[in-house]
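A quick write-up on the structure given underneath.
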Amino acid sequence: MLRESLLMILGAILIWRGVWILLDLIDNRFLGGTHVWSSVVGIILGVIMVYFADRDLEDVV
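According to this note's numbering, the sequence shown is numbered sequentially starting from 12.
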């Protein structure tokens with residue numbers, strides 16, 4: 012059980028890292044590398060995703 016939990020945690024961290032690097036590359040290539048627009052869009056998309064998960068913004072605020 013501990014082994015499976017550690018593998019899940021490590022997998023989530025590696026996915027997070029990969030997505031982070033990919034979004035940084037996209038930001039540098041298409042948005043000038045300031046991270047302002049990608050941050051704003053990321054926050055908006057995150058709120059939308061949390062809302063649609065259970066149709067409640069109580070987890071966000």
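The C-beta atom is built at its ideal place from N, Cα and C for all residues, glycine as well.
The model shown is predicted, which means the values in this text are computed figures rather than measured ones.
(request) For arginine 28, name the three-state secondary structure that DSSP assigns. (result) helix
(request) Give the straight-line distance between the Cα atoms of leucine 17 and isoleucine 37, rounded to the nearest whole angstrom. (result) The straight-line gap from Cα to Cα measures roughly 30 Å.
(message) In whole angstroms, give me the CA-to-CA distance for asparagine 39 and valine 30.
(response) 14 Å
(request) Could you spell out where the alpha helix (DSSP H) holding glycine 44 opens and where it closes? (result) Per DSSP, glycine 44 belongs to no alpha helix (DSSP H) and is neither H nor E.
(message) In this structure, how does DSSP classify arginine 14 when only helix, strand and coil are distinguished?
(response) helix
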